[in-house]
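K.L.:
Residue numbers (this note's numbering): 1244 to 2030.
1. With a threshold of 16 other CB atoms inside 10 Å of the CB of residue 1740, please say whether the residue is buried or exposed.
2. Between which residues of its own chain and residue 1414 is the CB-CB distance below 6 Å, once the five residues before and five after are set aside?
3. Residue 1381 and residue 1331: beta carbons closer than 8 Å?
4. For residue 1403, tell me which candidate among 1745, 1337 and 1432 has the shortest Cα-Cα distance.
5. If you reduce the DSSP assignment to three classes, tell me which class residue 1567 lands in.
6. Report, in whole angstroms, the separation of the C-beta atoms of residue 1980 and residue 1925, which I expect to be a contact under 8 Å.
7. Would you mind working out which of 1962, 1927, 1830 and 1897 sits nearest residue 2006, comparing C-alpha positions?
8. Considering residue 1400, what are the terminal residues of the beta strand (DSSP E) in which it resides?
9. On the DSSP bridge list, what partners appear for residue 1908?
10. Measuring CB atoms only, is the region 1897-1913 touching the region 1791-1798, in the sense that at least three cross pairs come out at less than 8 Å?
11. Could you have a look at residue 1377 and say whether DSSP puts it in helix, strand or coil?
12. Within its chain, find whatever has a CB closer than 7 Å to the CB of residue 1639; leave out the 5 residues flanking it on each side and keep chain order.
13. Go ahead and label residue 1887 buried or exposed: buried means 16 or more other beta carbons lie within 10 angstroms of its beta carbon, across all protein chains shown.
14. Can you tell me whether residue 2005 is helix, strand or coil according to DSSP?
15. Name the DSSP beta bridge partners of residue 1312, please?
16. Here's the rule I'm using: 16 or more other beta-carbon atoms within 10 Å means buried, otherwise exposed. How should residue 1920 be labelled?
17. Give me the DSSP bridge partner(s) of residue 1439.
18. Which value, in whole angstroms, describes the spacing of the CA atoms of residue 1370 and residue 1324?
19. Do you know whose CA, among 1949, 1977, 1901 and 1837, lies nearest residue 1999's CA?
20. Decide if the region 1759-1769 is in contact with the region 1716-1728; the criterion is three or more beta carbon pairs, one per stretch, under 8 Å apart.
21. When burial is assigned at 16 or more other CB atoms within 10 Å of the CB, is residue 2010 buried or exposed?
22. Hey, could you find the ends of the alpha helix (DSSP H) residue 1965 is sitting in?
23. Using 8 Å as the threshold, is the C-beta distance between residue 1873 and residue 1984 below it?
24. Could you spell out where the beta strand (DSSP E) holding residue 1744 opens and where it closes?
25. Please confirm whether residue 1362 and residue 1315 have their CB atoms less than 8 Å apart.
26. Quick one: using the 10 Å Cβ neighbour count with 16 as the cut-off for buried, is residue 1301 buried or exposed?
27. Note down, one range per segment and in chain order, each alpha helix (DSSP H) of at least 4 residues found wholly within the region 1763-1825.
28. Quick one: Cα of residue 1318 to Cα of residue 1844, how far?
29. Please list, in chain order, all residues of the same chain as residue 1992 whose beta carbon is under 6 Å from its beta carbon, the five residues on each side excluded.
30. Under the DSSP definition of a beta bridge, which residues are partnered with residue 1752?
31. Does DSSP put residue 1721 in a helix, a strand or coil?
32. Report yes or no: do the region 1957-1969 and the region 1933-1941 share at least 3 C-beta pairs separated by less than 8 Å?
33. Which residue wins for smallest C-alpha separation from residue 1857, given the options 1849, 1851, 1868 and 1848?
34. Please report the distance separating the alpha-carbon of residue 1583 from that of residue 1746.
35. From this set, 1458, 1387, 1864 and 1377, which residue's C-alpha is nearest residue 1188's C-alpha?
36. For residue 2031, does the count of other Cβ atoms within 10 angstroms reach 16, so buried, or fall short, so exposed?
Take a look at the structure:
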């Protein structure tokens, strides 16, 4: 490479770095805008709006709810129907570039501020509790095009402040208590097309409006008087009822008088005056149209009857088509479930290398029977091969609960046999019933057993979950959770509260009671969700063992693992935090990564977690990992944080940047969330912490530029680790983080690549001279596959 080419490449690299740094610096929100929005937030009473803080923050890069920006300037605040209170404060004029303020349909009170931002084009405060008068400073909003302050409690006269609002197009002042006459300056509204001032106490004449280009004018229910200007009568949509106009002198178009009938043309008084019969003729006899009209009536009734018949036939055909669609859908569900249940990774070699436990192929058995047996014990399967069960169906009777062999007469299986066969896999609980296995490749006969205490219609047999999942009754779960007492609440998450349940044999379960937003889901949809979750079999995923769908309740029952989360350990105090040595942190990261690898690459179709964060990473006393909320993304509404139960969380701290634009979750958005969690493990900091200096508040932005500087990286490490880590291991760990939190999803790695890289980090850490375990005792911590 000659010097010229080297010089060109160097200049290009420097230019690219300058462009990136310039773009990064522009991402910071203007200080004046931050000051103004902080004041507005405090004036509104600090409502629970995701991202909003009373001091500092960076609205343009942290996706504050309802805030829109161009560059570093806030250009819009849209919080329509957000249940806001308080008032607007007195610092709105500090916004430097705001164009739109929409706070309609809230409960905001106080008066409209005198000082408003002069850049504002759209100003919407409808349906609130504002009092006082319309400010005179309205004259300073020369760029205003749309304004609505209707349905408030505004009083006083309209200010004579419209002379500079030549660009105003739509104005709505209706449903207030405004009084007085229309100010002369309203005649300067040369662009206005819509004016609503109904339901007020306005008086005087309408002369000031007659030369305006109005297309929609509503002045109903006021005190206007005098004549209505003739030009206003030409407005396409003009409503003027409820006013004491002096109609006697109002101009009106000339109307031609009806011709006078000759004296002899009037009908006799005894003639009935039926409008359908038409006027009488000059001889006083009824017209000859009577018979024609009667004939038309008959024809009309016939046509109406034909139309009714046609509509009835169409409705019957529509109902039949819906019935056929529903029937075909239900017939297709067992086939889909069978394919999903028996689908396995195509390459068993790759599967074994990735340790994707619980997804063995039917026709592939591991070479080591001991390993195979241990894995099947983990996922609750019979150690015997699936292949043997399929091939020997024609030779030996098969009995799984209520399943009987095909080609045999329907009969109930002996309870002793069923109990013996399923003893290792059932949870022995009074008031619960085991559900049937899904159909195998051959035709089977199912004899369902319905709980006696259930009075609701049993779910469709086609949608029953597999036999490894137990159907609990509401009464039994109430017994085991102490009637869902608050003392038994383990966690309060976005889907509802999780309760600790203790069975008679002292076994512990975790019962998730879905909140009101999800408890109304149809039973069939809920059973489909149960089936999908039950198919997720991995040693680091919380295990679903049961469910309840009685009396309008929707509950999911898991094996209890721990109520301690990674968030609790990282941010719950120094004593807990010190237990997280460097070895413990990288092993927690590895186990968590294996879960996402399994969901993304072993499940068909792939499963996206959508909410991977430390609060969903459970840790036991040995810091082993179970990840919760797997397979539950379908319960989340696409546009609502307000529908989530429990605490309102700042999900944006873990969400990938592209979600603000596309709103679509992918496996790469999970990778980004995992990278933020790794960064949290490295630094011990929250993803967003307003108590820190402003440049350090946003963890990803603060740390991303320092991950490849070994000196800066060493200063970033959580002080509780006490520098007990190999530099090489630390550097590799930081490199994985850097790749996971790339802004572009296409630049982020697959989770299988992350797993392989983390295994190298663990191996490098093992080779170091420091040999203490994560709990400060003899080193016994191992992940599930022995690494």
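The C-beta atom is built at its ideal place from N, Cα and C for all residues, glycine as well.
P.N.:
Checking against the coordinates, here is how it stands:
1. By 1-based counting over the chain shown, the position of residue 1740 is 497. Buried, by the Cβ-count rule.
2. Working through the chain shown from its first residue, we reach residue 1414 at position 171. Closer than 6 Å at the Cβ level, and outside the excluded window around residue 1414, lie 1390 and 1438.
3. In the chain shown, residue 1381 corresponds to position 138, counting from 1. In the chain shown, residue 1331 corresponds to position 88, counting from 1. For residue 1381 and residue 1331, no; Cβs fall outside 8 Å.
4. Counting from one through the chain shown, the residue named residue 1403 turns up at place 160. Closest option to residue 1403, Cα to Cα, is 1432.
5. Mapped onto the chain shown, residue 1567 falls at position 324. Correct three-state label for residue 1567: helix.
6. Translated into positions along the chain shown, residue 1980 becomes position 737. Translated into positions along the chain shown, residue 1925 becomes position 682. With a Cβ gap of about 7 Å, residue 1980 and residue 1925 count as contacting.
7. Taking the first residue of the chain shown as 1, we reach residue 2006 at position 763. The option with the nearest alpha carbon to residue 2006 is 1830.
8. For the purposes of this step, residue 1400 is taken as residue 157 along the chain shown, with counting starting at 1. Per DSSP, residue 1400 belongs to the beta strand (DSSP E) from 1398-1400.
9. Within the chain shown, numbered from 1, the residue matching residue 1908 stands at position 665. Bridge partners of residue 1908: none, in fact.
10. Cβ pair count under 8 Å is below three, so no.
11. Locating residue 1377 in the chain shown gives position 134, counting from the first residue. It is coil, neither helix nor strand.
12. By 1-based counting over the chain shown, the position of residue 1639 is 396. For residue 1639, the predicted structure reports a pLDDT of 35, less than 50, and the residue's modelled location is therefore unreliable. A value from the coordinates is still provided. Excluding positions up to five away in sequence, the list is empty.
13. Within the chain shown, residue 1887 is the residue found at index 644, counting from 1. With a pLDDT of 37 at residue 1887, under the threshold of 50, the predicted position of this residue should be treated as unreliable, and no value is reported.
14. The residue you call residue 2005 lines up with position 762 of the chain shown. Three-state result, residue 2005: helix.
15. The residue labelled residue 1312 in the question sits at position 69 within the chain shown. Looking at the DSSP assignment, residue 1312 forms a beta bridge with 1317.
16. By one-based count along the chain shown, residue 1920 stands at place 677. Counting Cβ neighbours within 10 Å, residue 1920 comes out buried, since at least 16 surround it.
17. Taking the first residue of the chain shown as position 1, residue 1439 is located at position 196. Answer is 1415 and 1461, bridged to residue 1439.
18. Position 127 of the chain shown, counted from the first residue, corresponds to residue 1370. Position 81 of the chain shown, counted from the first residue, corresponds to residue 1324. Each residue's Cα considered, the two are about 9 Å apart.
19. For the purposes of this step, residue 1999 is taken as residue 756 along the chain shown, with counting starting at 1. Of 1949, 1977, 1901 and 1837, the residue nearest in Cα terms is 1837.
20. With contact defined as three or more Cβ pairs closer than 8 Å, the region 1759-1769 and the region 1716-1728 are not in contact.
21. For the purposes of this step, residue 2010 is taken as residue 767 along the chain shown, with counting starting at 1. So residue 2010 ends up on the exposed side.
22. Within the chain shown, numbered from 1, the residue matching residue 1965 stands at position 722. Taken as a continuous stretch (DSSP letters only), residue 1965 belongs to no alpha helix (DSSP H), as it is neither H nor E.
23. Stepping through the chain shown from its first residue, residue 1873 is reached at position 630. Stepping through the chain shown from its first residue, residue 1984 is reached at position 741. At a Cβ-Cβ threshold of 8 Å, residue 1873 and residue 1984 do not count as neighbours.
24. On the chain shown, position 501 is the one that residue 1744 refers to. Segment 1739-1745, the beta strand (DSSP E) holding residue 1744.
25. Walking along the chain shown from the start, residue 1362 turns up at place 119. Walking along the chain shown from the start, residue 1315 turns up at place 72. Contact flag unset, no.
26. In the chain shown, residue 1301 corresponds to position 58, counting from 1. Under this definition residue 1301 is a buried residue.
27. 1766-1777, 1809-1814 and 1817-1821
28. To locate residue 1318, count along the chain shown from 1; it is residue 75. To locate residue 1844, count along the chain shown from 1; it is residue 601. Going from the Cα of residue 1318 to the Cα of residue 1844 covers about 42 Å.
29. As a first step, residue 1992 must be located in the chain shown, where it is residue number 749. Taken in chain order, the residues that qualify are 1982.
30. Taking the first residue of the chain shown as 1, we reach residue 1752 at position 509. In the DSSP output, where bridge partners are listed per residue, residue 1752 has 1744 and 1802.
31. The sequence position of residue 1721 within the chain shown is 478, counting from 1. In this structure, residue 1721 counts as helix in the three-state DSSP scheme.
32. With a cut-off of 8 Å on Cβ pairs, the region 1957-1969 is not in contact with the region 1933-1941, counting fewer than three such pairs.
33. On the chain shown, residue 1857 is found 614 positions in, with the first residue counted as 1. For residue 1857, the nearest C-alpha among the options comes from 1868.
34. As a position in the chain shown, residue 1583 is number 340, starting the count at 1. As a position in the chain shown, residue 1746 is number 503, starting the count at 1. Unreliable placement is indicated for residue 1583, whose pLDDT of 44 sits below 50; no coordinate value is reported for it.
35. Past the boundaries of the shown model lies residue 1188; the chain is included only from 1244 to 2030, so the question cannot be answered.
36. Because residue 2031 is not part of the residues shown, which for the chain are 1244 to 2030, the question remains open.
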